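Asks: Anchor point for the sequence shown: position 69 equals 90 in our numbering, and the numbering is continuous, going up by one each time.
Built from N, CA and C at the ideal position, the CB exists for glycine as well.
All figures in this text were calculated on a predicted structure; none of them were measured in a lab.
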Amino acid sequence: MGKYDPAPTVAAGLLRIARDRASMTQADLAAAAEVTQQAISAYETGRRDPTLPTLMRLLRAAGFDLRLRLEPVDDHDEALAAYLDTLPASLRVELETARSDRAAQARLRRVKGR
Numbered sequence: 022m023g024k025y026d027p028a029p030t031v032a033a034g035l036l037r038i039a040r041d042r043a044s045m046t047q048a049d050l051a052a053a054a055e056v057t058q059q060a061i062s063a064y065e066t067g068r069r070d071p072t073l074p075t076l077m078r079l080l081r082a083a084g085f086d087l088r089l090r091l092e093p094v095d096d097h098d099e100a101l102a103a104y105l106d107t108l109p110a111s112l113r114v115e116l117e118t119a120r121s122d123r124a125a126q127a128r129l130r131r132v133k134g135r
């Protein structure tokens with residue numbers, strides 16, 4: 022799993038982002054949080070999912086706080102999916118290809134630091 026691959030879980034993504042922003046290795050974070058490097062690896066690869074208190078403790082060890090808040094439901098994604106289902110298959114493929122191309126270009130810009 023590369024640095025810019027999508028994270029398998031929300032917790033994995035949060036840990037990888039926090040560790041990257043803190044310029045820490047898995048071993049560094051493990052030492053700061055008093056857990057094993059293998060535990061950090063398992064969380065970041067999605068083999069294990071930390072409890073919320075554990076996730077918050079790991080993020081704190083990287084120098085970050087996890088703040089949660091309740092928001093009203095946003096059904097934008099479901100409405101968009103329903104709309105896309107009404108389009109011809111060829112147009113959906115064209116739109117998905119364009120979206121995928123934009124995402125690849127954005128990843129390339131992040132990797133190159135632009």
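Run through DSSP, which three-state label would P74 get?
Replies: The residue given as residue 74 occupies position 53 in the sequence shown. Here P74 sits in helix by DSSP.
Asks: Quick check on the burial criterion: 16 or more other C-beta atoms within 10 angstroms. Buried or exposed for Y64?
Replies: If you number the sequence shown from 1, residue 64 lands on position 43. Counting Cβ neighbours within 10 Å, Y64 comes out buried, since at least 16 surround it.
Asks: Is the CB-CB distance between A82 and R40 below 7 angstroms?
Replies: Here residue 82 refers to the residue found at position 61 when the sequence shown is read from its first residue. Here residue 40 refers to the residue found at position 19 when the sequence shown is read from its first residue. Remark: C-beta atoms of A82 and R40 do not approach each other more closely than 7 angstroms.
Asks: Cβ atoms of D70 and T30: under 7 angstroms apart, would you say?
Replies: Indexing the sequence shown from 1 puts residue 30 at position 9. Indexing the sequence shown from 1 puts residue 70 at position 49. Contact: yes.
Asks: Please go through the same chain and pick out, in chain order, the residues whose beta-carbon is closer than 6 angstroms to the beta-carbon of L76, but skip the five residues on each side of it.
Replies: Translated into the one-based positions of the sequence shown, residue 76 becomes position 55. So the qualifying residues of the chain are A32.
Asks: With burial defined as no fewer than 16 other Cβ atoms inside 10 Å of the residue's Cβ, what is the status of R37: buried or exposed?
Replies: Indexing the sequence shown from 1 puts residue 37 at position 16. Answer is buried; the Cβ neighbour count reaches 16.
Asks: Ordered along the chain, which non-local residues of its own chain (more than five positions away) have a Cβ less than 7 angstroms from that of M45?
Replies: The sequence position of residue 45 within the sequence shown is 24, counting from 1. Closer than 7 angstroms at the Cβ level, and outside the excluded window around M45, lie A83.
Asks: Can the beta-carbon of R113 be found closer than 7 angstroms to that of L101?
Replies: Looking up residue 113 in the sequence shown gives position 92. Looking up residue 101 in the sequence shown gives position 80. No, these two residues do not count as a Cβ contact at 7 angstroms.
Asks: Return the Cβ separation of A60 and A51 in integer angstroms, given the expectation that the two are a contact with Cβ distance under 8 angstroms.
Replies: The residue given as residue 60 occupies position 39 in the sequence shown. The residue given as residue 51 occupies position 30 in the sequence shown. At roughly 7 angstroms, the Cβ-Cβ gap stays under 8 angstroms, so A60 and A51 are in contact.
Asks: Beta-carbon within less than 8 angstroms of T16's beta-carbon, same chain only, minus the 5 sequence neighbours each way: which residues are those?
Replies: Nothing about residue 16 can be reported from this structure: the residues present for the chain run from 22 to 135 only.
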